[in-house]
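Participant: Here the protein sequences line up with chains H and W, keeping their order. Under our numbering, the letters of the first sequence match residues 33 to 199, in that order. Under our numbering, the letters of the second sequence match residues 1124 to 1458, in that order. Backbone N, C-alpha and C define an ideal beta-carbon position, used for all residues, glycine too. What you are looking at is a predicted structure, and each value in this text was computed from that prediction instead of being measured.
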Amino acid sequence: MAPTDPIAAAQAALSSGDPATRRSAAERLAQSGTAATPAALALARACADADDQVREWVVAALEELGPPAPGVVGDLVALLTGPDPLPAYWAATLLGRLGEGASAAVAALATTLAGAADLAVRERCAWALGKIGPGAGAARDALSRSAAGSDERLARLASEALTAIGG
Amino acid sequence: MAKGPRRRFAPDRGVFTALAVAAGLLGSTSATAQGLPAPPVQVAGLTPQGLPLAPPRAPKPVDAILVASFNIQVFGEAKLAKPAVVDVLARVVRQFDVVAIQEVRAKSDGILPSFVQAVNADGSRYQFVLGPRLGRTVSKEQYAFVYDTERIEVDPSSVGTVPNPGDRLHRAPLHARFRTRIIPVGMAFTFWLVDIHTDPDEVPQEVDALADVFLAMKAARPDEDDVIVLGDLNAAPQQFGRIKQIPGAGWAITSGPTNTHRTKTYDNLIFDTRATTEYLGRSGVLDLQRAFGLSLEQALEVSDHCPVWGAFYPAEAPPVLPPGGIATAPGPSPR
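(1) Closest by CA to residue 1245 (chain W), which one among W:1307, W:1232 and W:1218?
(2) With burial defined as no fewer than 16 other Cβ atoms inside 10 Å of the residue's Cβ, what is the status of residue 198 (chain H): buried or exposed?
(3) Quick one: which chain H residues come within Cβ less than 7 Å of residue 1323 (chain W)?
(4) Leaving out five residues on either side along the sequence, give the residues of the same chain with a beta carbon under 6 Å from the beta carbon of residue 1300 (chain W).
(5) Can you pull out the residues from the segment 44–72 of chain H whose beta carbon lies closer than 8 Å to at least one beta carbon of chain W?
(6) Name, please, each residue of chain W whose Cβ falls closer than 9 Å to the Cβ of residue 125 (chain H).
(7) Near residue 35 (chain H), which residues of its chain fall below 7 Å by C-beta distance, leaving aside the five closest residues on each side in sequence?
(8) What does the Cβ neighbour count give for residue 175 (chain H), buried or exposed, with the cut at 16 atoms within 10 Å?
(9) Where does residue 1402 (chain W) sit, in a helix, a strand or coil, going by DSSP?
(10) If you measure from the beta carbon of residue 128 (chain H) to each beta carbon in chain W, is any gap under 8 Å?
(11) Residues of chain W with CB closer than 7 Å to the CB of residue 154 (chain H), please, in chain order.
(12) Since residue 1207 (chain W) meets chain H, which of its residues come closer than 8 Å, beta carbon to beta carbon?
(13) Across the segment 1201–1211 of chain W and the segment 1251–1261 of chain W, are there enough close Cβ pairs to call them in contact, namely three or more that are closer than 8 Å?
(14) Report the rounded CA-to-CA distance for residue 77 (chain H) versus residue 1399 (chain W), giving the unit in angstroms.
(15) Tell me the residue span of the alpha helix (DSSP H) that contains residue 1242 (chain W).
(16) Taking the Cβ atom as the reference point for each residue, do residue 1350 (chain W) and residue 1391 (chain W) lie within a distance shorter than 8 Å?
(17) Just to make sure I have the definition right: I need the residues of chain H whose C-beta is within less than 8 Å of the C-beta of residue 1262 (chain W). Which are they?
(18) For residue 125 (chain H), which of helix, strand or coil comes out of DSSP?
(19) Determine, for residue 1401 (chain W), whether the minimum Cβ-Cβ distance to residues of chain H falls below 8 Å.
(20) So, at 6 Å on beta carbons, what are the nonlocal neighbours of residue 1269 (chain W) in its own chain, with the 5 sequence-adjacent residues on each side left out?
(21) If you measure from the beta carbon of residue 1289 (chain W) to each beta carbon in chain H, is any gap under 8 Å?
(22) Rounding to the nearest angstrom, what Cα-Cα distance links residue 149 (chain H) and residue 101 (chain H) in this structure?
(23) Give, in chain order, every residue of the segment 180–192 of chain H whose Cβ lies closer than 7 Å to some Cβ of chain B.
(24) Under 6 Å Cβ to Cβ from residue 171 (chain H), same chain only, skipping five residues before and after it: list those, please.
(25) Could you check the C-alpha separation between residue 1419 (chain W) and residue 1188 (chain W) for me, to the nearest Å?
(26) Apply the 10 Å Cβ neighbour rule to residue 1181 (chain W) and answer buried if 16 or more other Cβ atoms are within range, or exposed otherwise.
(27) Can you tell me the Cα-Cα spacing of residue 1395 (chain W) and residue 1359 (chain W), whole angstroms?
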């Protein structure tokens, strides 16, 4: 039975086999603003959609969301290490928006910060660790190495994260 | 503010670059940071061609030019395929003399040419400037300026991407210098427009970086002190950080929502009120629902943002600076 809640319905439609249906669903979610937050995990996964226009609307929807439900932290962590950098980037972003509520993701964020091939993903991991704050103390070593690195932006974000973590 | 008897409109990118370097602000776009050549900026031909015959258009004011900013959420092929949406977008643009657009998101380069063709379907003569694709992920955005060539002209060689100090901006702003055409050249108002869309997750850092961008643009040319930074800042004026510390900094939208849901103040025009005395004190948010009789759902199909605008006197305003007073520009009474 199809969900009656429009956000839940659009979320379900993101998995449709029909690109036009997925595009329409992503567009509806992008137009819903923060009301689409319950679809955060589905949207992060849909960043890997093969259709360009689906991805653009999905990213637009993700930009407008508030912090996701704490219950999706484990699923977002799983996206950090996937083959596609865009879902990883948005998983890190959503974890950062959760702030200290994402402290269970610190180890995964630190590992991704140190080892991801995509610079934008590493930058977002540093940013997310800063948003988690003092609870991200276990990431100090990874952040320190990034802060001493040659990429200006990553070094700045890592330094800011270290300041936020304190101690 | 005193601006000399006649200002050059001829470009001087060398001056801009030298001053940016001198100010320690010479950054790089994400493309150049990866060792790639800077992506091209497109400036459409200045001579409109093939314009269809159309009914007479509503005249625009002779005593003001209207400068607007509009985030057209995910402005790409899907949106352009909806005639009702394109109709509203075209009617929005025709109300203004120049519109800074954010969120052109398309693989194709045909979006702006097709859209401007729709704008000009009533006989208008708009043209556009389109910036490079920008963004840190595979999802890229472009800035654009769409302007009425009967009332505004652009210096094509002034178009470029602002140096990104410290790589602090996700999408380095697009700048271009414009001049009004409804006033003799020697007296016409000239100004920089600096188009920006900040990243919603790094607003405080990006807004502070914009303060540096603003100052760099102010110093870019000794003969140009009018800089208007406009776009989707994802920030209300109380979140303007270091911008608020710039002497004379002011903004057109002081309160009230600018998004279609009517919940957030995100979009604005920022300028130096001491220098840009051409600002007439008139500004607003074009409520898509009310202006075009749309339902919320229909308005959201157009965009999740409403256009914001400010009115400027079309001639260079002489300084009106009484001791201890606030500059005022000559011009019409508010409508």
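Facilitator: So, from the data block:
(1) Each of W:1307, W:1232 and W:1218 was checked against the Cα of residue 1245 (chain W), and the nearest Cα belongs to W:1218.
(2) exposed
(3) The answer, in chain order, is 95.
(4) 1278, 1281 and 1315
(5) Taking 8 Å as the Cβ-Cβ cut-off against chain W, the residues of the segment 44–72 of chain H that qualify are 55, 59, 62, 63 and 65.
(6) 1324
(7) 41 and 44
(8) buried
(9) strand
(10) yes
(11) In chain order: nothing, as chain W lies at least about 11 Å away.
(12) Simply none; closest approach about 15 Å.
(13) no
(14) 47 Å
(15) 1234–1242
(16) By the CB criterion at 8 Å, residue 1350 (chain W) and residue 1391 (chain W) fall outside the cutoff.
(17) 87, 88, 91 and 118
(18) helix
(19) Not an interface residue.
(20) 1216, 1222, 1249 and 1251
(21) yes
(22) 28 Å
(23) In the displayed structure, chain B is absent; the protein chains listed are H and W.
(24) 138, 142 and 161
(25) 29 Å
(26) Its Cβ having fewer than 16 others within 10 Å, residue 1181 (chain W) is exposed.
(27) 17 Å
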